[in-house]
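Taken in sequence, the protein lines are chains A and B. Following numbering that gives the first Met the number 0, the numbering of the first sequence begins with 0 at its first residue and continues without gaps. Following numbering that gives the first Met the number 0, the numbering of the second sequence begins with 0 at its first residue and continues without gaps. See structure below.
Protein chains: 2
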Amino acid sequence: MQIIRTLAKMQKSVARRDRSQVTGFVPTMGFLHQGHLSLVERCRENCDICVVSIFVNPAQFGPKEDLANYPRDLEQDLKLLSKYGVDQVFLPTQEDMYPSGYRTWVEVEGWSSILCGASRPGHFRGVATVVLKLLHLVQPQKMFMGSKDFQQTVILEKLLQDLNLETRIIRCPIVREADGLAMSSRNSYLNAEQRIQARCLFQALQQAKILYQQGTNSSQALIQVAREIISAAGGRPDYIKLVDATTLEERDEADDNTRLLLAVFIGTTRLIDNDALSA
Amino acid sequence: MQIIRTLAKMQKSVARRDRSQVTGFVPTMGFLHQGHLSLVERCRENCDICVVSIFVNPAQFGPKEDLANYPRDLEQDLKLLSKYGVDQVFLPTQEDMYPSGYRTWVEVEGWSSILCGASRPGHFRGVATVVLKLLHLVQPQKMFMGSKDFQQTVILEKLLQDLNLETRIIRCPIVREADGLAMSSRNSYLNAEQRIQARCLFQALQQAKILYQQGTNSSQALIQVAREIISAAGGRPDYIKLVDATTLEERDEADDNTRLLLAVFIGTTRLIDNDALSA
Numbered sequence: 000m001q002i003i004r005t006l007a008k009m010q011k012s013v014a015r016r017d018r019s020q021v022t023g024f025v026p027t028m029g030f031l032h033q034g035h036l037s038l039v040e041r042c043r044e045n046c047d048i049c050v051v052s053i054f055v056n057p058a059q060f061g062p063k064e065d066l067a068n069y070p071r072d073l074e075q076d077l078k079l080l081s082k083y084g085v086d087q088v089f090l091p092t093q094e095d096m097y098p099s100g101y102r103t104w105v106e107v108e109g110w111s112s113i114l115c116g117a118s119r120p121g122h123f124r125g126v127a128t129v130v131l132k133l134l135h136l137v138q139p140q141k142m143f144m145g146s147k148d149f150q151q152t153v154i155l156e157k158l159l160q161d162l163n164l165e166t167r168i169i170r171c172p173i174v175r176e177a178d179g180l181a182m183s184s185r186n187s188y189l190n191a192e193q194r195i196q197a198r199c200l201f202q203a204l205q206q207a208k209i210l211y212q213q214g215t216n217s218s219q220a221l222i223q224v225a226r227e228i229i230s231a232a233g234g235r236p237d238y239i240k241l242v243d244a245t246t247l248e249e250r251d252e253a254d255d256n257t258r259l260l261l262a263v264f265i266g267t268t269r270l271i272d273n274d275a276l277s278a
Numbered sequence: 000m001q002i003i004r005t006l007a008k009m010q011k012s013v014a015r016r017d018r019s020q021v022t023g024f025v026p027t028m029g030f031l032h033q034g035h036l037s038l039v040e041r042c043r044e045n046c047d048i049c050v051v052s053i054f055v056n057p058a059q060f061g062p063k064e065d066l067a068n069y070p071r072d073l074e075q076d077l078k079l080l081s082k083y084g085v086d087q088v089f090l091p092t093q094e095d096m097y098p099s100g101y102r103t104w105v106e107v108e109g110w111s112s113i114l115c116g117a118s119r120p121g122h123f124r125g126v127a128t129v130v131l132k133l134l135h136l137v138q139p140q141k142m143f144m145g146s147k148d149f150q151q152t153v154i155l156e157k158l159l160q161d162l163n164l165e166t167r168i169i170r171c172p173i174v175r176e177a178d179g180l181a182m183s184s185r186n187s188y189l190n191a192e193q194r195i196q197a198r199c200l201f202q203a204l205q206q207a208k209i210l211y212q213q214g215t216n217s218s219q220a221l222i223q224v225a226r227e228i229i230s231a232a233g234g235r236p237d238y239i240k241l242v243d244a245t246t247l248e249e250r251d252e253a254d255d256n257t258r259l260l261l262a263v264f265i266g267t268t269r270l271i272d273n274d275a276l277s278a
């Protein structure tokens, strides 16, 4: 497994790459869990070359967010990636990615300021910009993303389409703990009690799904049941919304193309989850 | 000479391209003059494949600007490009470049809202976005740009650097009419009297240059002489500024790394020009 720490070395490696081979890319912020590793596995299965980046992107954290405390364990990450047969790990530095005088930003307008973007101003601008930079550097045909960050995936697909990039996003399923909690590096912030409370996100989605499958379409009713479950468990909803899965617009009625999206504070930790209510 | 009218055909052509060949690119809005053709010549001399795009980019025109009236003569443009040995002419449509629901924009912050950006809000966002799209589609190693649009070139070089694109911009000299007027498609808006008035831009730059070479460094004095020449000719300055050629910051004193930038209304036509005062 090759470890690449500079942009120039990444660019050289791409220039030497055999163009007949398909390159797959898994961008991460490290502190890898089974969710990330499922993306790596999928990438390995579908591509000739598997590139994983680890970069805690300061541009996607707000001034009051957890950049400094974001969990990191590079040694363990590299062990895991080596075991999973990754070809290249790209570890750019903050100084190389955002040198002094950096001033170029890309934004998927409208979709970046709703849902998670409403609580995290600038977050998706930071995500869109770093992913575009990484795509220019790594030049993969396919990029593998987990569905936990549903809004992020929709935004990045739009970015690729609007900017005429040929990279395709492969959406992969959410990987969950045994009790249903979606895997996230931020789960490490939870203490034992909060870890139990955190089950409420999945439980809320499950309950809404049951209601929907029993014939309840009204977003108000579906959101209400989710809210009750979350509140009863001690969670504080940031938002609970039923949206069109393509356009992210809020919808009054659930159907096969809607998705229920949640962001919930458990203590000071903000967790997200989502599900299609059909099937 | 191959004429390519769809994004898909451009992408296919790039996929088939021999990677050992150097592709050069000249983005234009058409109505070609000797300034554009000098870029094409330079591209031909320096690259194996020469691609020229013609696309009047609506995103870089303000709501009160001259999009509808912008001069067009595709037949004549194609004749000229064929004569100059261009390999591919790319003619994307507005509908393909900005389909319904388009919402992704790139901005080089700060530098896009000063100088021409102060009078033309959104202009450089439109330029940056369309150029990034065209670069993704055409994938050239080199892009040839004229120095008349000095701020544009500085902004696009920053964009390429910040977003880690490997395309290099080749800056080419301003091409002028016999009386010094910088060539521009917008010169076609001028009537006979205005065409004579329009000489004042070059004359102002020349006079400032003489003063500088005689020992005057003060931006105030250099700008003052330029303003007098422009006003005496009946021009209305939008701005006259001495800036750092690298950072576009205004400077109080001229030196080898400053540049005098002008935007002047002649009647309702807004013309730009610029020069280094040294050498």
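Positions of the beta carbon are idealized from the N, C-alpha and C atoms, including for glycine.
Can you give me the start and stop residues for the beta strand (DSSP E) that residue 273 of chain A sits inside? Translated into the one-based positions of the first sequence, residue 273 of chain A becomes position 274. Per DSSP, residue 273 of chain A belongs to the beta strand (DSSP E) from 268 to 274.
What residues of chain A sit near residue 102 of chain B, judged by a beta carbon separation below 8 Å? The count along the second sequence starts at 1 and reaches residue 102 of chain B at position 103. By Cβ distance, chain A contributes 107, 108, 109, 110, 157 and 161.
Those residues which DSSP pairs with residue 89 of chain B across a bridge: Start at 1 with the first residue of the second sequence, and residue 89 of chain B comes out as number 90. Assignment of beta-bridge partners to residue 89 of chain B by DSSP yields B:3 and B:52.
Run through the region 119 to 190 of chain B for me and flag every whole beta strand (DSSP E) of 3 or more residues, listed as ranges in chain order. 141 to 145 and 167 to 171
Starting from residue 262 of chain A, trace the beta strand (DSSP E) in both directions and tell me its first and last residue. As a position in the first sequence, residue 262 of chain A is number 263, starting the count at 1. First-last of the beta strand (DSSP E) with residue 262 of chain A: 257 to 265.
Would you check if there are 3 or more beta carbon pairs closer than 8 Å linking the region 255 to 266 of chain A to the region 127 to 142 of chain A? no
For residue 165 of chain B, go through chain A and note every residue whose CB falls closer than 7 Å to its CB, in chain order. For the purposes of this step, residue 165 of chain B is taken as the residue at position 166 of the second sequence. Per Cβ cutoff of 7 Å: 10.
Could you have a look at residue 24 of chain B and say whether DSSP puts it in helix, strand or coil? Along the second sequence, one-based indexing puts residue 24 of chain B at 25. Of the three classes helix, strand and coil, the one that applies to residue 24 of chain B here is strand, per DSSP.
Give me the Cβ distance between residue 28 of chain A and residue 53 of chain A, rounded to the nearest whole Å; I'm assuming they're in contact under 8 Å. Locating residue 28 of chain A in the first sequence gives position 29, where the first residue counts as 1. Locating residue 53 of chain A in the first sequence gives position 54, where the first residue counts as 1. The Cβ separation is near 7 Å, so the contact holds.
Members of the region 17 to 45 of chain A that neighbour chain B once the beta carbon cut-off is set at 7 Å: Cβ contacts with chain B come from 18.
Starting from residue 237 of chain A, trace the alpha helix (DSSP H) in both directions and tell me its first and last residue. Here residue 237 of chain A refers to the residue found at position 238 of the first sequence. Not the alpha helix (DSSP H): residue 237 of chain A falls in the beta strand (DSSP E), residues 235 to 243.
Does the distance from the C-beta atom of residue 85 of chain B to that of residue 49 of chain B stay below 8 Å? In the second sequence, counting from the first residue as 1, residue 85 of chain B sits at position 86. In the second sequence, counting from the first residue as 1, residue 49 of chain B sits at position 50. Using a Cβ distance threshold of 8 Å, residue 85 of chain B and residue 49 of chain B count as a contacting pair.
Within 10 angstroms of its Cβ, does residue 106 of chain A collect 16 or more other Cβ (buried), or is it exposed? Here residue 106 of chain A is taken as the residue at index 107 of the first sequence, counted from 1. Buried, by the Cβ-count rule.
Residues that residue 136 of chain B contacts on chain A, provided the C-beta gap is smaller than 7 Å: Counting from one through the second sequence, the residue named residue 136 of chain B turns up at place 137. Correct list: 163.
By how many angstroms is the C-alpha of residue 12 of chain A removed from the C-alpha of residue 186 of chain A? One-based indexing of the first sequence puts residue 186 of chain A at position 187. One-based indexing of the first sequence puts residue 12 of chain A at position 13. Distance between the alpha carbons of residue 186 of chain A and residue 12 of chain A is about 35 Å.
Buried or exposed: where does residue 111 of chain B fall if 16 or more other Cβ atoms within 10 Å of its Cβ makes it buried? Along the second sequence, read from residue 1 onward, the residue named residue 111 of chain B stands at position 112. Buried: at least 16 other Cβ atoms inside 10 Å.
Should the region 4 to 19 of chain A be regarded as contacting the region 29 to 44 of chain A, the criterion being three or more beta carbon pairs within less than 8 Å? no
What do you reckon, are the CB atoms on residue 204 of chain A and residue 272 of chain A nearer than 8 Å? The residue labelled residue 204 of chain A in the question sits at position 205 within the first sequence. The residue labelled residue 272 of chain A in the question sits at position 273 within the first sequence. Cβ atoms of residue 204 of chain A and residue 272 of chain A: closer than 8 Å.
So for residue 64 of chain B, helix, strand or coil by DSSP? Taking the first residue of the second sequence as 1, we reach residue 64 of chain B at position 65. Residue 64 of chain B falls in the coil class under three-state DSSP.
Given that a residue counts as buried once 16 or more other Cβ atoms are within 10 Å of its Cβ, and exposed if not, what is residue 120 of chain A? Indexing the first sequence from 1 puts residue 120 of chain A at position 121. Exposed: under 16 other Cβ atoms inside 10 Å.
Euclidean distance between Cα positions of residue 80 of chain B and residue 40 of chain A: The residue given as residue 80 of chain B occupies position 81 in the second sequence. The residue given as residue 40 of chain A occupies position 41 in the first sequence. About 50 Å.
Which of the three DSSP states, helix, strand or coil, is assigned to residue 252 of chain B? Taking the second sequence and counting its residues from 1, one reaches residue 252 of chain B at position 253. Of the three classes helix, strand and coil, the one that applies to residue 252 of chain B here is strand, per DSSP.
Three-state class that DSSP yields for residue 218 of chain B in the structure shown: Position 219 of the second sequence, counted from the first residue, corresponds to residue 218 of chain B. Three-state result, residue 218 of chain B: helix.
Measure how close the beta-carbons of residue 171 of chain A and residue 38 of chain A come, nearest whole angstrom, since I'm counting them as under 8 Å. Reading the first sequence from its first residue, position 172 is the one you call residue 171 of chain A. Reading the first sequence from its first residue, position 39 is the one you call residue 38 of chain A. Sure, about 5 Å apart at Cβ, within 8 Å.
Using a C-beta to C-beta distance shorter than 7 Å, which residues of chain B count as neighbours of residue 132 of chain A? The residue labelled residue 132 of chain A in the question sits at position 133 within the first sequence. What residue 132 of chain A touches in chain B: 162 and 163.
By Cβ distance below 6 Å, which residues in the same chain neighbour residue 147 of chain A in space, the five residues on each side in sequence not counted? Counting from 1 along the first sequence, the entry for residue 147 of chain A is found at position 148. These residues qualify, in order along the chain: 173 and 181.
Limits of the unbroken beta strand (DSSP E) element including residue 106 of chain B: As a position in the second sequence, residue 106 of chain B is number 107, starting the count at 1. Looking at the DSSP string, the run of the beta strand (DSSP E) that includes residue 106 of chain B is 103 to 107.
What is the C-beta distance between residue 122 of chain A and residue 61 of chain A, in whole angstroms, given that I count them as a contact (C-beta under 8 Å)? Residue numbering aside, residue 122 of chain A sits at position 123 when the first sequence is read from its first letter. Residue numbering aside, residue 61 of chain A sits at position 62 when the first sequence is read from its first letter. Yes, they are in contact, since the Cβ atoms of residue 122 of chain A and residue 61 of chain A sit about 7 Å apart, within 8 Å.
What did DSSP end up calling residue 247 of chain B once you bin it into helix, strand or coil? For the purposes of this step, residue 247 of chain B is taken as residue 248 along the second sequence, with counting starting at 1. When DSSP states are grouped into helix, strand and coil, residue 247 of chain B belongs to the coil group.
With a threshold of 8 Å between beta-carbons, can residue 6 of chain B be considered close to chain A, or not? Within the second sequence, numbered from 1, the residue matching residue 6 of chain B stands at position 7. Taking Cβ atoms only, chain A reaches closer than 8 Å to residue 6 of chain B, which makes this a yes.
Buried versus exposed, by CB contacts within 10 Å (16 or more), residue 99 of chain A: Residue 99 of chain A sits at position 100 when you count from the first residue of the first sequence. Label assigned to residue 99 of chain A: exposed.
Is the beta carbon of residue 102 of chain B less than 8 Å from the beta carbon of residue 157 of chain A? Counting from 1 along the second sequence, the entry for residue 102 of chain B is found at position 103. Counting from 1 along the first sequence, the entry for residue 157 of chain A is found at position 158. Going by C-beta atoms, residue 102 of chain B is nearer than 8 Å to residue 157 of chain A.
Using three-state DSSP, classify residue 15 of chain A as helix, strand or coil. To locate residue 15 of chain A, count along the first sequence from 1; it is residue 16. Here residue 15 of chain A sits in helix by DSSP.
Would you kindly work out how many angstroms separate the C-alpha atoms of residue 226 of chain A and residue 200 of chain A, rounded to a whole number? Position 227 of the first sequence, counted from the start, is the residue given in the question as residue 226 of chain A. Position 201 of the first sequence, counted from the start, is the residue given in the question as residue 200 of chain A. Taking C-alpha positions only, residue 226 of chain A is separated from residue 200 of chain A by approximately 10 Å.
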